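> Those letters in the sequence shown? Residues 115 to 472, per the working numbering, in order.
Beta carbons: idealized from backbone N, C-alpha and C, even for Gly.
Since we're looking at a predicted model, the values are computed, not measured.
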Amino acid sequence: MIYKPLVLKWRPRCFNDLIGQDHIVNAFTNAFNLNKIHYAYIFSGSYGIGKTTIARLLAKSLNCINNSINICDTCDACIEIQNNCFIDLIEIDAASSSGIDNIKELIENAQYFPVKGKFKIYLIDEVHMLSRSSFNALLKILEEPPSHIKFLLATTEYNKIPKVITSRCLHFNLLKINNSKIILYLKTILTKEQISFDEQAIIYITNVANGSLRDALNLTDQAIVFGKGKIILNIVVNMLGIVDINQLILIIELIISNNTDQLINTINNISTNNINWEKFLTDILLILHDILLIKTLSNYNSNYNKNILFRLNNISKLLSINIIKKYIDLVLNGYKELLIVDNKKLIIEITLLKLINY
Ligand SMILES: Nc1ncnc2c1ncn2[C@@H]1O[C@H](COP(=O)(O)OP(=O)(O)OP(=O)(O)O)[C@@H](O)[C@H]1O
Ligand SMILES: [Mg+2]
Ligand SMILES: [Zn+2]
């Protein structure tokens with residue numbers, strides 16, 4: 115069987131497959147119902163959250179026999195767009211073809227009617243990378259677009275697009291995808307793929323993906339390879355260069371009990387793995403933040419399991435609010451030093467020792 119990465123295998127075929135971005139789907143549902151589809155859209159937002167995906171789905175909707183947000187996914191246009199071979203969908207990656215020649219050619223060809231579909235669609239990815247003269251050429255056609263043309267522009271850096279262009283387009287900003295949606299999506303896919311997984315591993319992958327579904331899927335692929343077909347917690351922890359939450363809480367417990375020997379031992383053990391120390395300190399910070407909230411809020415809801423919550427509760431009873439705040443300050447200072455010093459482990463040790471002796 116030919117191996118296909120999850121990002122390709124699970125690329126949304128219709129708007130129902132899309133995760134999040136509901137505000138955009140709703141806007142297009144209305145636009146199709148009212149038959150008011152603009153001639154140029156810009157989709158902005160960070161990496162791997164669905165900009166190109168939405169642009170392609172829109173290209174399907176515009177050329178599908180259904181002519182609606184409910185893509186049939188069986189007509190010629192739908193199938194050819196899915197397979198990247200639809201003649202009237204012209205995809206340009208401005209990051210790699212930012213020269214004026216490409217855009218000139220584009221403008222010349224835009225005058226001709228679509229060959230097969232209802233619309234000739236120009237999907238320009240990373241549009242902010244176009245040269246100044248390319249933008250001018252694009253502007254020319256945006257000023258008087260023929261009715262058979264649609265422009266779908268995607269960018270991670272909306273602010274770099276000239277105002278004369280943005281003011282002629284409708285702008286949609288895509289949001290990072292929230293963690294609970296990513297976790298649910300990964301679990302659904304893994305279940306369908308019949309790949310067994312550790313729930314906590316999925317949570318770690320999602321945290322590291324930081325709102326990007328592409329990153330989440332790629333890390334999942336990598337974890338499957340590392341785990342020889344399964345997603346296994348300690349393998350994922352190693353792969354991501356993170357430290358398991360039980361270890362992180364142990365470190366705080368050792369600090370509170372002034373157990374310097376075991377603290378140094380634990381750090382030494384952890385450092386035999388390829389640790390991302392910035393992430394390590396941010397995770398400690400997150401836990402201290404949770405402890406502070408447990409201490410101060412009357413009712414604190416968290417996603418931790420019972421056992422972890424029990425330990426955090428105990429810690430919160432042992433520390434005063436002022437001490438927790440001081441710990442947070444010390445860790446924040448340590449973080450700043452971490453960014454400028456090469457010997458990261460040394461800074462980690464010094465920072466945590468300061469907490470012990472406080
Ligand atoms: N909102 C989403 N719903 C479902 N799948 C998604 C979504 N966003 C991303 N993906 C998955 O990630 C892959 C890449 O997404 P896409 O190319 O649309 O990201 P992008 O926002 O254009 O990123 P980039 O800025 O890097 O171009 C898709 O093929 C799909 O598998
Ligand atoms: Mg893209
Ligand atoms: Zn169709």
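N181 to S248, Cα distance in whole Å?
31 angstroms
> May I have the straight-line CA-CA distance separating F157 from S326, to the nearest angstrom?
The C-alpha of S326 is placed about 15 angstroms away from the C-alpha of F157.
> So for A268, helix, strand or coil by DSSP?
strand
> Shorter than 6 angstroms, the distance from the beta carbon of D239 to the closest heavy atom of ligand 2, or not?
yes
> Can you tell me whether N360 is buried or exposed? The criterion is at least 16 other CB atoms within 10 Å of its CB, across all chains shown.
The C-beta of N360 has fewer than 16 other C-beta atoms within 10 Å across all chains shown, which makes the residue exposed.
> Compare the beta carbon distance of G355 and N388 with 7 angstroms and say whether it is the shorter of the two.
Going by beta carbons, G355 and N388 fall inside the 7 angstroms limit.
> With a CB to CB cut of under 6 angstroms and the five nearest residues on each side skipped, what residues in its chain are close to T465?
Answer for T465: G448, listed in chain order.
> On the three-state DSSP scale, how would you describe L460?
helix
> Distance, Cα to Cα, G343 vs A154?
44 angstroms
> Using alpha carbons as the reference points, say which of D207, L220, I384 and I470 lies closest to L253.
L220
> Under three-state DSSP, which class holds A224?
helix
> Just reading off the beta strand (DSSP E) that H137 is part of, what are its end residues?
Not the beta strand (DSSP E): H137 falls in the alpha helix (DSSP H), residues D136 to N147.
> What are the residues that DSSP puts in a beta bridge with S70?
Residue 70 lies beyond the range of the chain shown here (115 to 472); nothing can be said about it.
> Under the DSSP definition of a beta bridge, which residues are partnered with L237?
E205 and L266
> Does the Cβ of N147 have 16 or more other Cβ atoms within 10 Å, making it buried, or fewer, making it exposed?
exposed
> Considering N360, what are the terminal residues of the alpha helix (DSSP H) in which it resides?
I359 to I370
> Output the boundary residues of the alpha helix (DSSP H) element that contains Y441.
I435 to I454
> Under a criterion of Cβ closer than 5 angstroms to any non-hydrogen atom of ligand 3, which residues qualify, in chain order?
C178, C186, C189 and C192
> Could you pull the DSSP bridge partners for I345 from this structure?
F311
> Scan the region 169 to 201 and note each continuous alpha helix (DSSP H) run of 4 residues or more that stays entirely inside, going in chain order.
190 to 196
> Taking 6 angstroms as the cut-off, is the C-beta of P119 nearer than that to any heavy atom in ligand 1?
no
> Compare the beta carbon distance of I316 and I297 with 7 angstroms and say whether it is the shorter of the two.
Contact flag set, yes.
> Of the residues F265, N383 and F227, which one's Cα is nearest the Cα of S205?
Ser is not the amino acid found at residue 205; the sequence shown has Glu there. If we check each option's Cα against that of E205, F265 comes out closest.
> Is K342 a contact residue of ligand 2, with contact defined as CB to any heavy atom under 6 angstroms?
Checking every heavy atom of ligand 2 against the Cβ of K342, none is found closer than 6 angstroms.
> Tell me the rounded alpha-carbon separation between K174 and C192.
5 angstroms
> When you compare only the Cα positions, how much space is there between L203 and R328?
Distance between the alpha carbons of L203 and R328: 23 angstroms.
> Run through DSSP, which three-state label would W391 get?
In the structure shown, W391 sits in a helix (DSSP, three-state: H, G or I).
> Nearest CA to the CA of F227: which residue from D358, A251, N332 and P260?
P260
> Are I291 and G134 closer than 7 angstroms when you measure CB to CB?
Yes, these two residues count as a Cβ contact at 7 angstroms.
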